[in-house]
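From first to last, the protein sequence lines are chains A and B.
The opening residue of the first sequence carries number 371 in our numbering; numbering runs sequentially from there.
The opening residue of the second sequence carries number 371 in our numbering; numbering runs sequentially from there.
All C-beta atoms, glycine included, are put in the ideal place defined by N, C-alpha and C.
Given the structure is predicted, the values throughout are model-derived calculations rather than measurements.
Each remark here refers to the structure printed beneath this line.
Number of protein chains: 2
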Amino acid sequence: MRSSRTLRIDLASGQPVYEQIVSGLRAFLVSGEFKSGEQLPTVRQLAIDLGIHHNTVAEAYRVLAEEGWLDLRRRRGAMVLDRRDPKATPEAKQDFRKHLEELIAKAITNGVPRSAIADRMADMAKKLGQGGTR
Amino acid sequence: MRSSRTLRIDLASGQPVYEQIVSGLRAFLVSGEFKSGEQLPTVRQLAIDLGIHHNTVAEAYRVLAEEGWLDLRRRRGAMVLDRRDPKATPEAKQDFRKHLEELIAKAITNGVPRSAIADRMADMAKKLGQGGTR
DNA sequence: TTTATTGTATATTGTATATGTACAATAGGC
DNA sequence: GCCTATTGTACATATACAATATACAATAAA
Chain A
371 MRSSRTLRID LASGQPVYEQ IVSGLRAFLV SGEFKSGEQL PTVRQLAIDL GIHHNTVAEA
431 YRVLAEEGWL DLRRRRGAMV LDRRDPKATP EAKQDFRKHL EELIAKAITN GVPRSAIADR
491 MADMAKKLGQ GGTR
Chain B
371 MRSSRTLRID LASGQPVYEQ IVSGLRAFLV SGEFKSGEQL PTVRQLAIDL GIHHNTVAEA
431 YRVLAEEGWL DLRRRRGAMV LDRRDPKATP EAKQDFRKHL EELIAKAITN GVPRSAIADR
491 MADMAKKLGQ GGTR
């Protein structure tokens, strides 16, 4: 699957474009839609697909490389690494909890029914338990 | 409960301070820690408590007022309104789903165990089902 | 060895954030 | 009713960040 086919960038969202790319690709990487050994599009190719500048894509790739997801080299492009999960800091857990609560609060504020929120979270929890999301 | 006692602002987090205030207060509002009719601290008071400028707090209050959470008037301060949830747009649901996946991906990247993520989501789902979070 | 391709570095420009300062509205005291 | 202190608001400014334009450096492949 080409990343550009499913990766959507919203220039009007307020969130920086490079962060949107990081978040979107990271979700694909975690879910296994990009497997280790695979080649990601070049910064220029993805930039063209998204209609942005290649330096913006490069910035996103750099973040993912620092997280250990990508091996990034000139002339070779970006390759997905076989990454091991690090051990979590206490902050990471607190952060997740806090941001989850804030995400839910925002959804409720936007009118998403509590039942729909609960259902989706139960879904995701189940997937995680099954190892479906790795 | 004073908002400033539990609201934490991280100047180094990268996220704009006024957004941190919005997210934090919104979570309190949704959870009922601030009930309708209650008075929030004045923009100047909260600014002092957080060690920032009052205009930054004012910006955050304005966002919450536009969302229907606050009645904001000169000389009267900010009062929590009895807010009804609007009906969700299809985008709101998609947004929630997408951001939830991205939040989970980030937590996993940071090393939070999948089991811990699943447990916390199950917790929150349960609370929502019970009406514990309103 | 040459060349095309790829990521990287630097400068520039526009936008957003946080602040400083002044203003406008108004509840409460007299 | 008028004054005054308190509160949110408006606007200008400094600074930082994001996205781009352009040039450069490394290197696989011919």
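Practice problem: Give me whichever residues DSSP pairs with M449(A) in a beta bridge. | Solution: In DSSP, M449(A) forms a bridge with Q409(A) and D441(A).
Quiz prompt | Cutoff 9 Å: R372(A) Cβ touching any chain B Cβ | solution = Confidence in R372(A) is poor, its pLDDT being 45 and thus under 50, which makes the residue's placement too unreliable to answer from.
Self-check item: P460(A): first and last residue of the uninterrupted alpha helix (DSSP H) it sits in
Solution: Here the alpha helix (DSSP H) through P460(A) covers P460 to T479.
Quiz item: Does the beta carbon of N425(A) come closer than 9 Å to any beta carbon on chain B?
Solution: So no, N425(A) is outside the interface.
Quiz prompt | Against chain B: residues of the segment 474 to 487 of chain A by CB proximity under 8 Å | solution = Cβ contacts with chain B come from I474, A475, K476, A477, I478, T479, N480, G481, V482, P483, R484, S485, A486 and I487.
Quiz item: Comparing alpha-carbon positions, which option in L442(A), K497(A), F466(A) and E408(A) lies nearest A477(B)?
Solution: The residue from L442(A), K497(A), F466(A) and E408(A) with its alpha-carbon nearest to that of A477(B) is F466(A).
Practice problem: Would you decide whether T376(A) is buried or exposed? Buried here means 16 or more other CB atoms lie within 10 Å of its CB. | Solution: By the 10 Å Cβ count, T376(A) comes out exposed.
Practice problem: Give the straight-line distance between the Cα atoms of F475(A) and T459(B), rounded to the nearest whole angstrom. | Solution: According to the sequence as given, residue 475(A) is Ala; it is not Phe. A475(A) and T459(B): Cα-Cα distance of roughly 16 Å.
Practice problem: Report the residues of the segment 374 to 402 of chain A with a CB closer than 7 Å to any CB of chain B, ordered along the chain. | Solution: For the segment 374 to 402 of chain A, the set of residues with a beta-carbon nearer than 7 Å to any beta-carbon of chain B comprises S393, R396, A397 and V400, in chain order.
Self-check item: Three-state secondary structure assigned by DSSP to H423(B)
Solution: Residue state, collapsed to three classes: coil.
Quiz item: Any heavy atom of the ligand GTP closer than 8 Å to the Cβ of P460(A)?
Solution: Annotation note on the ligand GTP: not contained in the displayed structure, which lists no ligands.
Exercise. Using a Cβ cut-off of 9 Å (strictly closer), state whether M494(B) contacts chain A.
Key: Interface residue, yes.
Self-check item: Close Cβ partners of M371(B) (< 7 Å) along its chain, the five nearest in sequence each way excluded
Solution: Because the pLDDT at M371(B) is just 44, under 50, the model does not fix this residue reliably, and the point stays unresolved.
Self-check item: Within chain B, the residues that M449(A) reaches when beta carbons sit closer than 7 Å
Solution: Result: empty, since nearest Cβ-Cβ is about 17 Å, beyond 7 Å.
Self-check item: Same chain, Cβ closer than 8 Å to E429(B), five either side skipped, listed in chain order
Solution: Only Y388 meet the Cβ criterion.
Exercise. Please report how far the alpha carbon of N480(A) lies from the alpha carbon of D380(B), in whole angstroms.
Key: Each residue's Cα considered, the two are about 25 Å apart.
Practice problem: Hey, could you find the ends of the alpha helix (DSSP H) G499(B) is sitting in? | Solution: R484 to Q500 is the span of the alpha helix (DSSP H), which, as asked, contains G499(B).
Self-check item: Member of A462(A), W439(A) and R443(A) whose CA lies at the smallest distance from the CA of D452(A)
Solution: Ranking A462(A), W439(A) and R443(A) by Cα distance to D452(A) puts W439(A) first.
Exercise. Using beta-carbon positions only, say whether A495(A) and A492(B) come within less than 9 Å of one another.
Key: Note that the C-beta distance between A495(A) and A492(B) is below 9 Å.
Self-check item: Backbone CA spacing between I422(A) and R396(B) [nearest angstrom]
Solution: Using only the alpha carbons, I get a separation of about 33 Å.
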